[in-house]
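*Asks:* Just passing along the structure, written as structure tokens.
2 protein chains.
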Amino acid sequence: MKDEAKSRKGALQEHLKTSILTLRLQPGTDLDEAHLSDEFGLSRTPLREVFRQLAGEGYLDLRTNRSARVSEMSYTTLRDFFLAAPMVYGAILRLAAGNARPAQIDALKDAQQAFKAALRTGSAEDRALANNRFHDVTGEMSGNVYLLPSFNRLLIDHARIGMTFYRPQSDEMSENLSRASEQHDAIIAAIEARDEAAAAKLAEDHWNLSRDQIEMFVMPDALDVPMGVPLLSKPA
Amino acid sequence: MKDEAKSRKGALQEHLKTSILTLRLQPGTDLDEAHLSDEFGLSRTPLREVFRQLAGEGYLDLRTNRSARVSEMSYTTLRDFFLAAPMVYGAILRLAAGNARPAQIDALKDAQQAFKAALRTGSAEDRALANNRFHDVTGEMSGNVYLLPSFNRLLIDHARIGMTFYRPQSDEMSENLSRASEQHDAIIAAIEARDEAAAAKLAEDHWNLSRDQIEMFVMPDALDVPMGVPLLSKPA
DNA sequence: CGAAATTTTTTTGTATACAAGTTGTATTTT
DNA sequence: AAAATACAACTTGTATACAAAAAAATTTCG
């Protein structure tokens, strides 16, 4: 196998992942094998293997004899998300603080640098991807094969939910993003100090900020996304 | 596509899953594509798709240009398992109690019938598979796409850990299995009553029983499995 | 016209052939 | 005899051709 081929496969995977995370490919979109294999210079066999892999990670849904589809987001999904996220995020960050290796801490700092850069000069997509990368590294740090599948699944929809709800530009939103960035710094510090309790506490804070941000823009009339309205009240 | 072909693919998947759960295929075993495609009357293309899927679910590990391998169990794995299981099991059972549909409750009762039958007349493998099926149904009941990936991953290794530690025959073990069966009945009752708190409490009890059972047989000298010894003390 | 049925077209699933990579063995070299 | 290298056998990865299913378009008949 030529090196090119491997990178083509990797390029396809990367393209699909980022497109899905940023909603360039919206939930429910059908994927065309012929078109994609053409575009990425791959035959359908390896392409379909990438589909299977991404389906396993929660990016895609596969139905027999029908096209692969970007995984859906529904009302139920959002409710389940709010239920699972605080628990899993807390556990992951606690473990990350206990197990992080120096190289991983460096990777986390790099990710945070990229996130800050995205805050200054990037698009909403850039911010979502950089934030996703930051949390992805914390997952790697935790190293717990049993929690990671759910954590990674949560990260996918956290990015997508963020893309839908962080869109409106306002002062309060900018302020929240600054606070998120500060919390990232605090998380790095807690991990570097191997302070599990602090990391768990910061996970809670970080989640609350994220949740508030989402709630802030959950105003039924303003919604044009097919996701329904969560039960959380708290008017803006 | 002929119906046969679909069932062949399903048969392969089922064969691999049960073989891995029961340790007939031990952790680290290399899988031979040529041999398996011969045995199940499938070409390598659909066979490799099954591999990808099972890898996504945590049954297999794939390495490029090397054979697929049954996913490993290590010392680290066991430690991570003990960390993640109580949390996820509790959450799943709580959600199951809140969301279970009548048809699912019937399925759960069926699974419990099969488990009881396996206790009376079945092999260790039968018991492990029936128990696995029972908990799998509770996962379906929870219906939470974010928790299920981790829960299913835990179930795989719970079955495998059970197969290694529940092997020795003793009165105390038989008693524990009876208690497990009683707890299953209680779990069914809690779910039928939609009593989330009771379900969560039962999850804790059930997990403690399972943990005790495992600890009971964790006596370093007796171990011939390449899994190391967990930090949990409590001599038998 | 309009709904149902049939044909045509398109898309998905599988088999097979071939290319590229890996592993084991034998031969050469020191 | 040990190490290194070259070669052969085998295994994995990809492309392509073909079969089966679904979707679309056309025809048929009420």
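The listed protein sequences derive, respectively, from chains A and B. Residues 7 to 242 in this note's numbering are what the first sequence spells out, letter by letter. Residues 7 to 242 in this note's numbering are what the second sequence spells out, letter by letter. Heads up, the beta-carbon is just placed ideally off N, CA and C, and yes, glycines get one too. Nothing here was measured: the structure is a model prediction, and the numbers come from that model.
(1) How big is the Cα-Cα spacing for Glu20 of chain A and Tyr152 of chain B?
(2) Can you find the residues in the same chain that come closer than 8 Å, C-beta to C-beta, to Arg139 of chain A, ignoring five residues on each side of it along the sequence?
(3) Taking buried to mean at least 16 other C-beta atoms within 10 Å of its own C-beta, is Asn214 of chain A buried or exposed?
(4) Ignore the nearest five residues each way along the sequence and tell me which others in Met169 of chain A's own chain have a CB closer than 8 Å to its CB.
(5) For Asp36 of chain A, which beta-bridge partners are listed by DSSP?
(6) Mind pulling the chain A residues with CB within less than 9 Å of Thr170 of chain B?
(7) Per DSSP, which one or two residues make a beta bridge with Asp4 of chain A?
(8) When the Cα atoms are used, what is the spatial distance from Glu63 of chain A to Asp177 of chain B?
(9) Chain B beta carbons: is any one of them nearer than 7 Å to that of Ala109 of chain A?
(10) Mind listing the chain A neighbours of Leu89 of chain B? Cutoff is C-beta to C-beta under 9 Å, in chain order.
(11) Is there at least one Cβ from chain A nearer than 7 Å to Ser156 of chain B's Cβ?
(12) Relative to chain A, which residues along the region 50-62 of chain B have a C-beta separation below 8 Å, given in chain order?
(13) On the premise that His141 of chain B lies in contact with Leu161 of chain B, defined as a C-beta separation below 8 Å, what is that separation, rounded to the nearest angstrom?
(14) How would you label Asp112 of chain A, buried or exposed, when you count the other beta carbons within 10 angstroms and need 16 or more for buried?
(15) State the start and end residues of the unbroken alpha helix (DSSP H) segment that holds Val143 of chain A.
(16) Kindly give me the distance between the Cβ atoms of Ala2 of chain B and Ala196 of chain B, rounded to whole angstroms, as I take these residues to be in contact under 8 Å.
(17) Along chain A, which residues have their Cβ under 7 Å away from the Cβ of Leu160 of chain B?
(18) Under a three-way DSSP split, which group does Asp163 of chain A fall into?
(19) Of the choices B:Arg72, B:Phe223, B:Gly149, whose alpha-carbon is the least far from that of Met179 of chain B?
(20) Can you list the residues of chain B that Thr144 of chain A reaches, using a CB-CB cut of under 7 Å?
(21) Using a Cβ cut-off of 7 Å (strictly closer), state whether Asp86 of chain A contacts chain B.
(22) Which chain B residues are close to Met93 of chain A, counting only those with a beta carbon under 9 Å from its beta carbon?
(23) Sorted by chain position, which residues of the same chain lie with C-beta nearer than 7 Å to Ala192 of chain B's C-beta, five sequence neighbours on each side aside?
(24) Just to confirm the assignment, what range does the alpha helix (DSSP H) spanning Gly104 of chain A have?
(25) In the DSSP assignment, find the unbroken alpha helix (DSSP H) run with Arg126 of chain A in it and report its ends.
(26) In chain order, what residues of the same chain have a beta carbon less than 7 Å from the beta carbon of Tyr95 of chain A, not counting five sequence neighbours either side?
(27) Where does Gly145 of chain A land, buried or exposed, given buried means 16+ other C-beta within 10 angstroms?
(28) Please identify the residue among A:Glu198, A:Gln219, A:Pro33, A:Ala199 whose C-alpha is closest to the C-alpha of Met79 of chain A.
(29) Give the residues of chain A in contact with Thr83 of chain B, contact being defined as C-beta atoms less than 9 Å apart.
(30) Tell me whether Glu55 of chain A is buried or exposed, calling it buried when 16 or more other Cβ atoms sit within 10 Å of its Cβ.
(31) What is the residue span of the alpha helix (DSSP H) that Ser176 of chain B lies within?
(32) Report back the beta-carbon spacing between Arg75 of chain B and Asp67 of chain B to the nearest angstrom; my notes put them in contact at under 8 Å.
(33) Thinking Leu60 of chain A and Arg14 of chain A are a contact (beta carbons under 8 Å), I'd like their distance in whole angstroms, please.
(34) How big is the Cα-Cα spacing for His157 of chain B and Phe171 of chain A?
(35) Rounded to a whole number of angstroms, what is the C-alpha to C-alpha distance between Leu22 of chain A and Thr83 of chain A?
*Replies:* In short, the structure shows the following:
(1) The residue you call residue 20 of chain A lines up with position 14 of the first sequence. The residue you call residue 152 of chain B lines up with position 146 of the second sequence. So the two alpha carbons sit approximately 22 Å from each other.
(2) As a working note, residue 139 of chain A is residue 133 in the first sequence. Correct list, in chain order: Ala117, Ala120, Phe121.
(3) Residue mapping note: residue 214 of chain A aligns to position 208 of the first sequence, counting from 1. With a threshold of 16 other beta carbon atoms within 10 Å, Asn214 of chain A falls short and is exposed.
(4) For this step, residue 169 of chain A is matched to residue 163 along the first sequence. So the qualifying residues of the chain are Leu27, Thr28, Leu29, Ala130, Glu131, Ala134.
(5) Within the first sequence, the letter at position 30 stands for residue 36 of chain A. DSSP lists A:Arg75 as partners of Asp36 of chain A.
(6) The sequence position of residue 170 of chain B within the second sequence is 164, counting from 1. In chain order: nothing, as chain A lies at least about 17 Å away.
(7) With chain A covering only 7 through 242, there is no way to say anything about residue 4 of chain A.
(8) As a working note, residue 63 of chain A is residue 57 in the first sequence. As a working note, residue 177 of chain B is residue 171 in the second sequence. Going from the Cα of Glu63 of chain A to the Cα of Asp177 of chain B covers about 43 Å.
(9) Position 103 of the first sequence, counting from 1, holds the residue named residue 109 of chain A. With 7 Å as the cut-off, Ala109 of chain A does not count as an interface residue toward chain B.
(10) Translated into the one-based positions of the second sequence, residue 89 of chain B becomes position 83. By Cβ distance, chain A contributes Ala97, Leu101, Asn150, Tyr152, Leu153.
(11) Locating residue 156 of chain B in the second sequence gives position 150, counting from the first residue. Yes, because at least one Cβ of chain A sits closer than 7 Å to the Cβ of Ser156 of chain B.
(12) Listed by position along the chain: Thr51, Arg54, Glu55, Arg58, Gln59, Ala61, Gly62.
(13) Numbered from its first residue, the second sequence carries residue 161 of chain B at position 155. Numbered from its first residue, the second sequence carries residue 141 of chain B at position 135. Right, the Cβ-Cβ distance comes to about 6 Å (below 8 Å), so this counts as a contact.
(14) Within the first sequence, the letter at position 106 stands for residue 112 of chain A. Exposed, since its Cβ has fewer than 16 Cβ neighbours within 10 Å.
(15) The count along the first sequence starts at 1 and reaches residue 143 of chain A at position 137. Per DSSP, the continuous alpha helix (DSSP H) segment holding Val143 of chain A begins and ends at 130-148.
(16) Within the shown structure, residues of chain B are numbered from 7 to 242, placing residue 2 of chain B beyond reach of any answer.
(17) For the purposes of this step, residue 160 of chain B is taken as residue 154 along the second sequence, with counting starting at 1. By Cβ distance, chain A contributes Tyr152.
(18) The count along the first sequence starts at 1 and reaches residue 163 of chain A at position 157. DSSP places Asp163 of chain A in helix when its eight states are reduced to three.
(19) Here the question's residue 179 of chain B lines up with position 173 in the second sequence. Nearest C-alpha to Met179 of chain B: B:Phe223.
(20) On the first sequence, position 138 is the one that residue 144 of chain A refers to. Within 7 Å Cβ-Cβ: nothing; Thr144 of chain A doesn't reach chain B, min ~16 Å.
(21) On the first sequence, residue 86 of chain A is found 80 positions in, with the first residue counted as 1. Yes, its Cβ sits closer than 7 Å to a Cβ of chain B.
(22) By one-based count along the first sequence, residue 93 of chain A stands at place 87. Going along chain B in sequence order, the residues near Met93 of chain A (Cβ under 9 Å) are Met93, Val94, Ala97, Leu153.
(23) As a working mapping, residue 192 of chain B is identified with position 186 in the second sequence. So the list reads Leu208, once near-sequence residues are dropped.
(24) The residue given as residue 104 of chain A occupies position 98 in the first sequence. Counting along the chain, the alpha helix (DSSP H) containing Gly104 of chain A begins and ends at 81-105.
(25) Mapped onto the first sequence, residue 126 of chain A falls at position 120. That run of the alpha helix (DSSP H) goes 108-127.
(26) The count along the first sequence starts at 1 and reaches residue 95 of chain A at position 89. Hits under 7 Å: Ala209, Trp213.
(27) Taking the first residue of the first sequence as position 1, residue 145 of chain A is located at position 139. That one is buried.
(28) Within the first sequence, the letter at position 73 stands for residue 79 of chain A. Comparing Cα positions, the closest option is A:Pro33.
(29) The residue you call residue 83 of chain B lines up with position 77 of the second sequence. Simply Val151, Tyr152.
(30) The residue you call residue 55 of chain A lines up with position 49 of the first sequence. Buried: at least 16 other Cβ atoms inside 10 Å.
(31) Your numbering for residue 176 of chain B matches position 170 in the second sequence. Ser176 of chain B -> no alpha helix (DSSP H), and no H or E assigned at all.
(32) As a first step, residue 75 of chain B is located in the second sequence; it is residue number 69 there, counting from the start. As a first step, residue 67 of chain B is located in the second sequence; it is residue number 61 there, counting from the start. Indeed, because the Cβ distance is near 5 Å, the residues count as touching under 8 Å.
(33) Along the first sequence, one-based indexing puts residue 60 of chain A at 54. Along the first sequence, one-based indexing puts residue 14 of chain A at 8. With 8 Å as the limit, Leu60 of chain A and Arg14 of chain A do not qualify as a contact, their Cβ atoms being about 15 Å apart.
(34) Position 151 of the second sequence, counted from the first residue, corresponds to residue 157 of chain B. Position 165 of the first sequence, counted from the first residue, corresponds to residue 171 of chain A. The sequence shown places Phe at residue 157 of chain B, rather than the His named in the question. Looking at the two C-alpha atoms, the distance is approximately 29 Å.
(35) Within the first sequence, residue 22 of chain A is the residue found at index 16, counting from 1. Within the first sequence, residue 83 of chain A is the residue found at index 77, counting from 1. Those two C-alpha atoms are separated by around 21 Å.
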